[in-house]
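Chemist: Using the numbering used here, you'd call the opening residue of the sequence shown number 227 and step up by one each time. Think of the CB as a built atom: it goes at the ideal place given N, C-alpha and C, for glycine as much as any other residue.
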Amino acid sequence: MKNLNVKILASFAFAALLLSSCGGLNKMVKMAAQVKYEVTPKVLEMHGDSVEATLKVTFPVKYFQKDAILEITPVLKYDGGEQAFKSLVLQGEEAQANNQVVSYTSGGTYSVTSKIAFVEGMRQATLVGRVKATVGKDSGELPEVKLADGTMATALLLEADALPIAADDKFVRVTTESKEATIHFVINQATIRGQELKKEEIKALQDFVAASASKENVEFKGVEISAYASPDGPEKLNTKLSENRMKNSESYFARELKKSKVAGMEEESFMLSKATPEDWDGFKKLMQESDIQDKELILRVLSMYSDPVVREKEIKNIAAAYEVIAEKILPQLRRSKLIVNIAIVGYSDEELKELAVSNPDQLKVEELMYAASLVSDLNTKLGIYQKVASNFADDWRGHNNVGYIYLKQGKVAEAKAALGEAKKLDANNTKVLNNLGVVAYMEGDVKAAKEYYDAAAGAGNQVGYNQALIAAKQGAYENALNLFVSSKYNTFNFALVKMLNYSVTKNADTYDAALGILAKVENQDAANVSYLKAIIGARKQDTDLLFNNLRTAIEKDASFKAYAAKDIEFAQYANDGTYKSIVE
227 MKNLNVKILA SFAFAALLLS SCGGLNKMVK MAAQVKYEVT PKVLEMHGDS
277 VEATLKVTFP VKYFQKDAIL EITPVLKYDG GEQAFKSLVL QGEEAQANNQ
327 VVSYTSGGTY SVTSKIAFVE GMRQATLVGR VKATVGKDSG ELPEVKLADG
377 TMATALLLEA DALPIAADDK FVRVTTESKE ATIHFVINQA TIRGQELKKE
427 EIKALQDFVA ASASKENVEF KGVEISAYAS PDGPEKLNTK LSENRMKNSE
477 SYFARELKKS KVAGMEEESF MLSKATPEDW DGFKKLMQES DIQDKELILR
527 VLSMYSDPVV REKEIKNIAA AYEVIAEKIL PQLRRSKLIV NIAIVGYSDE
577 ELKELAVSNP DQLKVEELMY AASLVSDLNT KLGIYQKVAS NFADDWRGHN
627 NVGYIYLKQG KVAEAKAALG EAKKLDANNT KVLNNLGVVA YMEGDVKAAK
677 EYYDAAAGAG NQVGYNQALI AAKQGAYENA LNLFVSSKYN TFNFALVKML
727 NYSVTKNADT YDAALGILAK VENQDAANVS YLKAIIGARK QDTDLLFNNL
777 RTAIEKDASF KAYAAKDIEF AQYANDGTYK SIVE
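What follows is the structure, encoded as structure tokens:
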């Protein structure tokens, strides 16, 4: 600060020649060393898309002349141009203007804070102060004086690694399938009639067994036989009837299984049989499904009797009164139900990978989706997802995942087109909306990206990570860090923002925390990981951490040599021999 005041004093002394006719200003020039100037931050920093600076000026007592006006303008000068911050305009107590007033007797401290848009050239810049002094009609420009250095633009290292989300497959390698048929019996009979075995449902069951037995990828899981008697007969008779119907059904179906050479049928647990003497539940179900006018009343009355003997008597009485019950309901309950359960084993992973490329039309949508997840080559994945999109055009997942791969490949226009098709099919799908947000972000439309991400809530941790990128890009580091933490992704960007947040917290532990995050980054060999470690080393004044990692970063990516040479993060080492040997 002392050197800064001396420089300003020299500038005022030089300017005194220009302002010699202004006695009040001469006095202000002579006392210039007592004026204190402070810029915050001491080294200008880029956050979001701008550079913010606060200029604070403190005047001593009996300094600011009552009729004087000072206009102090901070200007950032850089190779290729300059940009002025907001001016601090002050006036004495008797000056005829409308500015902040500085008391002659008490002086005081005054400040101005403003932002300017950042441009690349500002990475190496100097903040100067330009002062215009006016007394009445007389005014003069004082030579500019250096106020601060600029600009730390480490936020530029933020990677545009917004995360798209792929739709999942619903592939199940082993699926189960069941086929059933019903054999009906004459009242009080257990013999299987020939006409029953000629029914279409019985033939379909026989064909199902034969076809399944001929396939290598089908495993029979068992057969279920459930035999019933209607609830209108005596309990003893119904018990015998249902058991005989069960046994006859077992014998018949065992012959069918043997005919088709079904594996495993000899096991005791293969055929599970059950006899139900009085099918009261079946009766209620058929009654409820019928169009009998008084069905609710009938069921309500019958439900009053818990004794099966009494209930069967009442059912007989009701059946006598309602012919439709005797003719349509009760005959359907005299039956055996046959169920065959099989397991179908799908293609192996290797078979799926091969077929997805060589003969994708042979595969179902879930098989193709799963096959794509098995391959790592992005172009191969893309080809499979494109086949999903063409063969199953009404499924949003194929279009979404085509867009997902294009985003991974940096082909934004192609991704946008594919995701547009996905959105047509499912306009509110959160995964699609997240991916459209990634498109907008990569196109530079941060506002649209944010709107998409907000609408994509719940799609996955990727959404929170993408929101963190926007917050970081806007310089809202605290919010970005909270989002990074909740997203559970340890990335270069997370570590970078953790370090940048030092400008907010001033907590030196921030640097070690950033290093801790970098230690968990997936790609430890990335040049930018080493470069960020070098910056942290410079800030911590840890020369080993600085030089070793700066050297490594340049070895991995030669462009970092020129970048580091202009990086003000390393300004304090500009004359260090080791540093110069690395960047020159």
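Within its chain, find whatever has a CB closer than 7 Å to the CB of K268; leave out the 5 residues flanking it on each side and keep chain order.
Modeler: Answer for K268: A374, listed in chain order.
Chemist: For the stretch 298-325, which segments carrying the beta strand (DSSP E) assignment without a break, of at least 3 residues, lie completely within its bounds, in sequence order?
Modeler: The stretch 298-325 contains these whole beta strand (DSSP E) runs: 307-310 and 314-317.
Chemist: Just to check my reading of the structure: K613 and L600 have Cβ atoms closer than 8 Å, yes? What is that Cβ distance to the nearest angstrom?
Modeler: At roughly 14 Å, the Cβ-Cβ gap does not stay under 8 Å, so K613 and L600 are not in contact.
Chemist: Any idea which residues DSSP pairs E445 with across the strands?
Modeler: Beta-bridge pairing links E445 to A569.
Chemist: For L589, which of helix, strand or coil comes out of DSSP?
Modeler: L589 falls in the coil class under three-state DSSP.
Chemist: Taking the beta strand (DSSP E) that F285 belongs to, which residues open and close that run?
Modeler: Segment S276 to F285, the beta strand (DSSP E) holding F285.
Chemist: Pull the bridge partners of M513 from the DSSP assignment, please.
Modeler: In the DSSP output, where bridge partners are listed per residue, M513 has none listed.
Chemist: Does the stretch 689-709 come close enough to the stretch 392-400 to have 3 or more Cβ pairs within less than 8 Å?
Modeler: Judged by Cβ distances under 8 Å, the stretch 689-709 makes no contact with the stretch 392-400, as fewer than three pairs qualify.
Chemist: One question on the structure: do A436 and S486 come within less than 8 Å of each other, judged by their Cβ atoms?
Modeler: Their beta carbons are under 8 Å apart, which means A436 touches S486 by this criterion.
Chemist: Can A569 and T731 be called in contact, C-beta distance under 8 Å?
Modeler: No; because the gap between Cβ atoms is not below 8 Å, this pair is not in contact.
Chemist: Roughly how many angstroms lie between the CA atoms of A685 and A745, to the nearest whole one?
Modeler: So the two alpha carbons sit approximately 28 Å from each other.
Chemist: I want to know whether the stretch 457-474 touches the stretch 498-515 - three or more CB-CB distances under 8 Å.
Modeler: Flag = yes, the stretch 457-474 and the stretch 498-515 touch.
Chemist: Suppose the cutoff is 8 Å on Cβ atoms and the five residues either side in sequence are ignored; what does the same chain contact list for R777 look like?
Modeler: Closer than 8 Å at the Cβ level, and outside the excluded window around R777, lie I808.
Chemist: What are the partner residues of L368, as DSSP defines its beta bridges?
Modeler: DSSP lists V357 as partners of L368.
Chemist: My output table needs one value for E882: the three-state DSSP class, helix, strand or coil.
Modeler: Beyond the ends of the chain as shown, which are 227 and 810, falls residue 882; an answer cannot be given.
Chemist: Is it true that the CB of V689 sits closer than 8 Å to the CB of Y703?
Modeler: No, Cβ-Cβ distance for Y703 and V689 is not below 8 Å.
Chemist: Restricting to Cα atoms, I'd like to know which of A416, N605 and E576 is closest to V597.
Modeler: At residue 597 the sequence reads Ala, which differs from the Val that was named. A597 has its Cα closest to that of E576, out of A416, N605 and E576.
Chemist: Can you give me the Cβ contacts of F285 inside the same chain, cut-off strictly under 7 Å, excluding the 5 residues immediately before and after it?
Modeler: The answer, listed in chain order, is V261, V328, G333 and G334.
Chemist: Kindly list the residues whose CB is nearer than 7 Å to the CB of A359, restricted to its own chain and excluding five residues on each side of it in sequence; keep chain order.
Modeler: Counting only Cβ-Cβ distances below 7 Å, and skipping sequence neighbours, we find L245, L251, A294, L296, S365, G366 and L368.
Chemist: Rounded to whole angstroms, what's the CA-CA distance from R561 to M530? Just pull it up for me.
Modeler: C-alpha separation (whole angstroms): 26 Å.
Chemist: In three-state terms, what does DSSP make of S404?
Modeler: Three-state DSSP puts S404 in a strand.
Chemist: Go through its chain and collect everything with a Cβ distance to G663's Cβ below 7 Å, but skip five positions before and after it.
Modeler: Cβ within range, chain order: A675, Y678, Y679, A682 and N692.
Chemist: Would you identify the three-state DSSP class for E476, choosing helix, strand or coil?
Modeler: Here E476 sits in helix by DSSP.
Chemist: Classify V711: buried if its beta carbon has 16 or more other beta carbons within 10 angstroms, exposed otherwise.
Modeler: It is exposed - the Cβ of V711 has fewer than 16 other Cβ atoms within 10 Å.
Chemist: Between Y632 and the rest of its own chain, which residues show a CB-CB distance below 7 Å, the 5 nearest in sequence each way excluded?
Modeler: For Y632, where only same-chain residues beyond five positions count, the Cβ hits under 7 Å are E640, A641 and A644.
Chemist: Alpha carbon to alpha carbon, how far is S276 from A343? Give it in angstroms, no decimals.
Modeler: The straight-line gap from Cα to Cα measures roughly 4 Å.
Chemist: Around the Cβ of A489, are there at least 16 other Cβ atoms within 10 angstroms (buried) or fewer (exposed)?
Modeler: Result: exposed.
Chemist: Taking all protein chains shown into account, do 16 or more other C-beta atoms lie within 10 angstroms of the C-beta of T717, making it buried, or fewer, making it exposed?
Modeler: Its Cβ being crowded by 16 or more others within 10 Å, T717 is buried.
Chemist: Where does Y531 fall in DSSP's three states?
Modeler: Of the three classes helix, strand and coil, the one that applies to Y531 here is coil, per DSSP.
Chemist: Tell me whether the beta-carbon of K282 lies closer than 8 Å to the beta-carbon of S337.
Modeler: Yes, the pair counts as a contact, with Cβ atoms nearer than the cut-off.
Chemist: What is the residue span of the alpha helix (DSSP H) that K500 lies within?
Modeler: Unbroken run through K500 is the beta strand (DSSP E), M497 to T502; no alpha helix (DSSP H).
Chemist: Can you tell me where the beta strand (DSSP E) with A343 in it begins and where it stops?
Modeler: A343 -> beta strand (DSSP E) spans G334 to A343.
Chemist: Extract the residue ranges of the beta strand (DSSP E) inside the stretch 626-663, only unbroken runs of 3 or more that lie entirely within it.
Modeler: Within the stretch 626-663, no complete beta strand (DSSP E) run reaches 3 residues.
Chemist: Would you report the Cα separation of V449 and A416, rounded to the nearest angstrom?
Modeler: Roughly 20 Å separates the two Cα atoms.
Chemist: Tell me whether E271 sits in a helix, a strand or coil according to DSSP, three-state version.
Modeler: It is a strand residue.
Chemist: So, at 6 Å on beta carbons, what are the nonlocal neighbours of K782 in its own chain, with the 5 sequence-adjacent residues on each side left out?
Modeler: These residues qualify, in order along the chain: A753.
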